[in-house]
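Undergrad:
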Amino acid sequence: ICGWAGIASDGSLRLYGEIKTVGRDLIPHLPKEITSVMATRRTFAVQDKAGNCLLWGLWGSLTLENTAIAELCSTEYADAAVLPTGEILTLGDPLYGGGNVTVTATRVFATSQAFCGIDKNGKVSCWGDRSAGGALPSKPCVERVHTVVATAQAFAALSEGGGVTAWGDPSRGGTAPKEVEGRRFKEVAATRSAFAAVTVDGEVMVWGSDRFGGSQSEADSAIKGKKVKTVVGGWFAFAAVTEDGTLCTWGDREYGGSTTGASPDHLTNVVSVTPGQRVFAIHRSDSSCLLIGSPERGADHQRLLQNVASAVIGPRAVAILHKDGSVSCYGDKNCGGVKQPVESGG
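Residue numbers (the numbering used here): 3 to 348.
Printed below as a string of structure tokens:
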């Protein structure tokens with residue numbers, strides 16, 4: 003669904019775009035004093051001051067009285083809402099995660115066709131398309147899980163002890179290399195078809211589709227033997243920050259896997275990276291920011307943005323919030339990339 007939902011100063015809901023058409027019949031029944039809005043690609047959820055919730059979208063609608071939603075997650079064909087009690091409510095196709103679900107979870111993750119939930123004890127439950135991660139592997143045992151990341155068709159779980167287990171479509175990262183077994187990791191990231199895991203010693207191991215960053219030789223060439231502090235994944239490429247603050251990228255060169263054209267000085271003193279589908283926002287210690295990836299979606303390897311507080315990256319455009327409160331946007335002008343400053347109140 004293309005559109006926005008916002009809360010007006012009087013607590014009423016404002017709908018813009020296609021979502022207004024999808025929810026037309028529900029508009030008279032929307033809560034009046036709304037306190038929060040959540041969204042997936044095909045469903046919106048609103049909560050009012052009294053604690054009532056309403057979900058609506060392509061899969062239908064659901065009203066919850068005196069019940070909050072802690073988290074909302076989606077596959078391509080279903081949505082899952084996590085309640086504070088751990089109960090999970092779903093909308094959509096049962097083959098891809100909709101229908102009745104009897105598991106409990108405090109967090110839920112999704113591939114394109116399956117869900118994975120973690121309860122308060124680190125127990126993992128999966129449902130949906132088995133080939134896309136909807137069924138846990140028989141070996142090794144997946145338990146006491148700290149977090150889960152997902153490609154389009156596979157999951158990878160990081161346990162409290164540092165072990166990593168992957169399952170789902172092997173071509174999308176569902177089978178980890180044997181070298182992963184017995185190693186201790188501190189972080190796992192994913193693109194749409196590959197995983198990257200950082201060991202406690204700062205080494206990086208990757209697997210999955212080569213084009214999407216799953217080539218170990220390409221990752222090694224980009225990192226050049228340095229110790230990695232953190233790694234993030236876009237849709238097509240990975241970006242890593244080494245312990246000395248250097249940026250390293252690999253994967254699809256057009257969508258963030260290459261820093262060609264950027265000044266080497268601009269790839270140093272990096273403190274964090276904001277990932278997008280086809281663009282990375284590289285944040286440096288002096289509050290400057292470099293956008294790496296697709297030029298059509300806002301990237302420019304030779305433009306160093308200044309006085310940056312944060313970045314929001316959409317599918318085709320990037321919005322930069324500056325420390326003075328102003329906003330500048332880059333990318334497809336039809337999708338928010340106006341390429342000029344925007345008034346902070348606009």
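Quick reminder that beta carbons are idealized off the backbone N, C-alpha and C, glycines included.
Since we're looking at a predicted model, the values are computed, not measured.
What do you reckon, are the CB atoms on Ser195 and Gly176 nearer than 8 Å?
TA: For Ser195 and Gly176, no; Cβs fall outside 8 Å.
Undergrad: With C-beta atoms as the reference, is Thr167 less than 8 Å away from Arg186?
TA: No, the Cβ-Cβ distance between Thr167 and Arg186 is not below 8 Å.
Undergrad: Kindly indicate which three-state DSSP category Pro139 falls into: helix, strand or coil?
TA: Pro139 falls in the coil class under three-state DSSP.
Undergrad: Under DSSP, the beta strand (DSSP E) around Ile315 begins and ends at which residues?
TA: Residues Val310 to Ile315.
Undergrad: How long is the line joining the alpha carbons of Trp169 and Asn309, rounded to whole angstroms?
TA: If I take the Cα positions, the gap works out to 42 Å.
Undergrad: Give the C-beta separation of Ala334 and Arg318 to the nearest angstrom, bearing in mind that I take them to be a contact with Cβ-Cβ under 8 Å.
TA: Residue identity differs from the one stated: residue 334 is Asp in this sequence, not Ala. Contact flag correct, Cβ pair sits at about 4 Å.
Undergrad: Taking the alpha-carbon positions, what's the Gly278 to Ala152 distance?
TA: Each residue's alpha carbon lies about 15 Å from the other.
Undergrad: Apply the 10 Å Cβ neighbour rule to Ser161 and answer buried if 16 or more other Cβ atoms are within range, or exposed otherwise.
TA: Ser161 is buried by the Cβ-count criterion.
Undergrad: Got a sec, what are the start and stop residues for the beta strand (DSSP E) Gln49 sits in?
TA: That run of the beta strand (DSSP E) goes Thr45 to Asp50.
Undergrad: Just grab the DSSP bridge partners of Phe214 for me.
TA: BP columns for Phe214 are empty, so no partner.
Undergrad: How should Lys226 be labelled, buried or exposed, when 16 other C-beta atoms within 10 angstroms of its C-beta is the threshold for buried?
TA: Exposed, by the Cβ-count rule.
Undergrad: Here's the rule I'm using: 16 or more other beta-carbon atoms within 10 Å means buried, otherwise exposed. How should Gly348 be labelled?
TA: Because the pLDDT at Gly348 is just 35, under 50, the model does not fix this residue reliably, and the point stays unresolved.
Undergrad: Check the C-beta distance from Val208 over to Ala198 and give it rounded, since I have them as a contact under 8 Å.
TA: About 5 Å separates the two Cβ atoms, so the contact holds.
Undergrad: By how many angstroms is the C-alpha of Ser260 removed from the C-alpha of Leu293?
TA: Each residue's Cα considered, the two are about 12 Å apart.
Undergrad: Can you tell me which of Thr149, Ser127, His148 and Ser265 puts its alpha carbon nearest to the alpha carbon of Ser140?
TA: Ranking Thr149, Ser127, His148 and Ser265 by Cα distance to Ser140 puts Ser127 first.
Undergrad: Report buried or exposed for Gln49, applying the criterion of at least 16 other Cβ atoms within 10 angstroms of its Cβ.
TA: Buried, since its Cβ has 16 or more Cβ neighbours within 10 Å.
Undergrad: Where do the N-terminal and C-terminal ends of the beta strand (DSSP E) with Gln279 fall, by residue?
TA: First-last for Gln279: undefined, no H or E at that position.
Undergrad: Buried or exposed for Gln155, please, with buried defined as at least 16 other CB atoms from any protein chain shown within 10 angstroms of its CB.
TA: So Gln155 ends up on the buried side.
Undergrad: For Glu89 and Ala83, what's the separation of their Cα atoms in angstroms?
TA: The straight-line gap from Cα to Cα measures roughly 8 Å.
Undergrad: Check each candidate in Gly295, Asp288, Thr276 and Val230 and name the one with the smallest Cα separation from Asp254.
TA: Cα-wise, what sits closest to Asp254 is Gly295.
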